[in-house]
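Undergrad: Can you read through this structure? Questions will come right after.
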Amino acid sequence: MKIPLLDLKAQYKPIKQEIDEAVASVVDSQHFILSEEVTALEEEIAAYTGAGHAVGVASGTDALILALRALGVGKKDAVITTPFTFFATAEAISVVGATPVFADIDPETYNIDPDKIEEMLRDTVKAVIPVHLYGQCADMDRIMDISKKYDLKVVEDCAQAIGAAYKGRKAGSFGEAGAFSFFPSKNLGGFGDGGMVVSSDAGLTERVKRLRVHGSQRQYVHTEVGYNSRLDSIQAAVLRVKLKKLDSWLDRRRAIARRYDEALSSPGITTPKTAEGGTHTYHQYTIAAHDRDSLLKYLNDKGISARVYYPVPLHLQPCYKDLGYKEGDFPAAEKASKEVLSLPVYPGLSDENIDHIIQTVRDFHRQGG
Ligand SMILES: Cc1ncc(COP(=O)(O)O)c(C=O)c1O
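And the structure:
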């Protein structure tokens with residue numbers, strides 16, 4: 081039995097007609113850029129996240145970059161973030177000319193540890209980017225308290241966590257801005273790249289709107305140097321169809337996670353922990369195992385796609401050599417990078433698939449790893 085890590089064809093099949101009609105309607109209109117579809121999606125995401133305002137951009141990476149730019153983060157500034165995330169989080173900081181400063185993670189949730197943020201504070205730090213990794217929110221109460229105390233801006237990296245809640249509020253509604261990715265594999269994924277900045281601050285979102293069209297508010301008048309970073313209407317049309325299904329897909333992910341939790345929890349395996357007050361959306365179902373590499377090979381050999389997110393923490397990336405970090409600086413992130421393993425958890429996974437994955441993991445341990 082072959083089980084992929086994600087099966088987008090299975091997701092598309094039951095909604096094919098609705099999606100195809102939505103795409104055809106954009107094609108008929110011939111309005112491909114920043115059309116009413118994009119505006120409608122912006123309004124729907126603004127309401128869904130509770131942030132109030134939303135601006136569609138070309139990718140999740142751009143959402144981070146434009147949010148930082150709109151907040152005035154640039155050269156001479158430092159931005160604290162986690163070393164245990166996808167590269168784009170730190171890359172966005174570098175692209176705006178600022179310096180990433182890493183703070184270690186909580187070993188149980190894999191999200192940035194608020195105590196470590198406080199340890200890394202210095203005069204140049206202007207902002208924090210907590211990443212809601214694997215689909216659950218970072219400790220936003222503490223992070224917002226710290227940011228208020230030290231006057232820091234907060235940009236939430238919500239790329240993996242659309243729909244995740246923390247103490248009744250949704251990801252993206254805590255900080256000055258939230259950045260979402262609609263990369264096809266995300267829990268809400270388009271048919272190509274796409275992203276969105278959300279914020280409760282109308283002024284900030286106006287600035288992001290300017291930045292996404294070359295820093296111009298009126299055609300051919302440029303008040304600042306910006307970007308070409310617009311969301312395509314076809315992406316918006318696809319995403320609007322999928323957004324209606326999102327909550328039921330997240331429920332299914334949680335149900336699969338419950339089955340894994342019950343079946344896999346054992347001395348050899350640490351199942352993912354949901355932080356108090358949070359609801360996990362399981363963008364990834366990520367276990368930790370001391371013998372991770374052998375388990376990964378075993379699963380892959382048996383036709384089960386499992387993957388490591390992320391094998392190299394960002395402070396050890398070759399491009400960040402000049403930042404002066406070394407192995408041992410962030411023990412929790414380094415340990416996680418050696419032990420984590422994500423299992424298939426997409427909504428279309430059948431009960432038979434789930435049983436097979438559970439059985440295969442158990443077989444591995446029965447055979448002594
Ligand atoms: C945590 C995180 N941040 C940022 C991004 C960047 O998003 P995108 O690929 O849409 O640019 C991703 C996804 O790829 C991500 O997982």
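Those letters in the sequence shown? Residues 81 to 449, by the numbering used here. Virtual Cβ for every residue (Gly too), placed ideally from N, Cα, C. A quick note: this is a predicted structure, and the numbers were derived from the prediction, not measured.
1) Mind checking who H302 pairs with in its DSSP beta bridge?
2) Can you list the residues near ligand 1, meaning Cβ strictly closer than 6 Å to any non-hydrogen atom, in the order they appear in the chain?
3) In angstroms, rounded to a whole number, what distance separates the CA positions of P84 and A343?
4) Relative to the alpha-carbon of V211, which residue among A239, D195 and S227 has its alpha-carbon at the smallest distance?
5) Taking 8 Å as the threshold (C-beta atoms), are I209 and V159 in contact?
6) Counting C-beta neighbours from all protein chains within 10 Å, is the total for P347 16 or more, i.e. buried, or is it exposed?
7) Going by DSSP in three states, S374 sits in which element: helix, strand or coil?
8) Mapping the DSSP letters down to three states, classify T285 as helix, strand or coil.
9) Report the partner residues of N308 according to the DSSP bridge assignment.
10) List in chain order: all unbroken alpha helix (DSSP H) runs of 4+ residues lying wholly within the region 179 to 228.
11) Along the chain, where does the beta strand (DSSP E) containing L421 start, and where does it finish?
12) At 4 residues or longer, and completely inside the region 385 to 426: list those alpha helix (DSSP H) runs for me, N to C.
13) Just to confirm my understanding: we take A413, look at its own chain, exclude 5 residues before and 5 after, and list those with CB closer than 6 Å. What are they?
14) Within a Cβ cutoff of 6 Å, which residues of the same chain sit near P391, ignoring the five residues on either side of it in sequence?
15) To the nearest angstrom, how far is it from the Cα of K386 to the Cα of L376?
16) Identify whether T366 lies in helix, strand or coil by the three-state DSSP scheme.
17) With burial defined as no fewer than 16 other Cβ atoms inside 10 Å of the residue's Cβ, what is the status of V118: buried or exposed?
18) What's the C-alpha gap between K196 and S280?
19) Quick one: what's got a C-beta closer than 7 Å to T189's C-beta in the same chain, skipping five residues either side?
20) May I ask you to report which of helix, strand or coil DSSP gives D156?
21) Alpha carbon to alpha carbon, what distance is there between E198 and I145?
22) Return helix, strand or coil for V235, following the three-state DSSP convention.
23) With H, G and I counted as helix, E and B as strand and the rest as coil, what does DSSP make of V176?
24) For a test of the three-state rule: what should DSSP assign to Y340, helix, strand or coil?
25) Once the 5 residues before and after V425 are set aside, which same chain residues still bring their CB inside 6 Å of it?
26) Do the region 287 to 298 and the region 228 to 248 touch if we need at least three Cβ pairs shorter than 8 Å?
27) Thinking just about the alpha-carbon of each residue, which of V205, V181 and S115 is nearest to the one in G152?
28) Which of the three DSSP states, helix, strand or coil, is assigned to I242?
29) With DSSP run on the structure shown, which of helix, strand or coil describes S105?
30) Which residues share a DSSP beta bridge with G136?
31) Between which two residues does the beta strand (DSSP E) containing A257 stretch?
32) Suppose contacts are defined by Cβ-Cβ distances below 8 Å. Is K247 in contact with G132 by that definition?
33) Closer than 7 Å by C-beta to T440: which residues in its own chain qualify, once you throw out the five before and the five after it? Chain order, please.
TA: Well, looking at it:
1) S296
2) S139, G140, T141, T165, F166, A168, T169, V211, D237, A239, Q240, S261, F263, D273 and G275
3) 20 Å
4) A239
5) yes
6) exposed
7) helix
8) helix
9) V293
10) 194 to 200
11) V420 to L423
12) 411 to 419
13) P163, F164, D184, I185 and P393
14) S417
15) Residue identity check: residue 386 is Ala in the sequence provided, not Lys. Rounded to whole angstroms, A386 to L376 spans 6 Å at the Cα level.
16) strand
17) buried
18) 27 Å
19) Q216, K353 and A355
20) It should be noted that the sequence gives Lys, not Asp, for residue 156. Three-state DSSP puts K156 in coil, outside helix and strand.
21) 24 Å
22) strand
23) coil
24) helix
25) R333, I336, Y362 and Y365
26) no
27) V205
28) coil
29) helix
30) M276
31) A257 to S261
32) no
33) L379, K382 and I384
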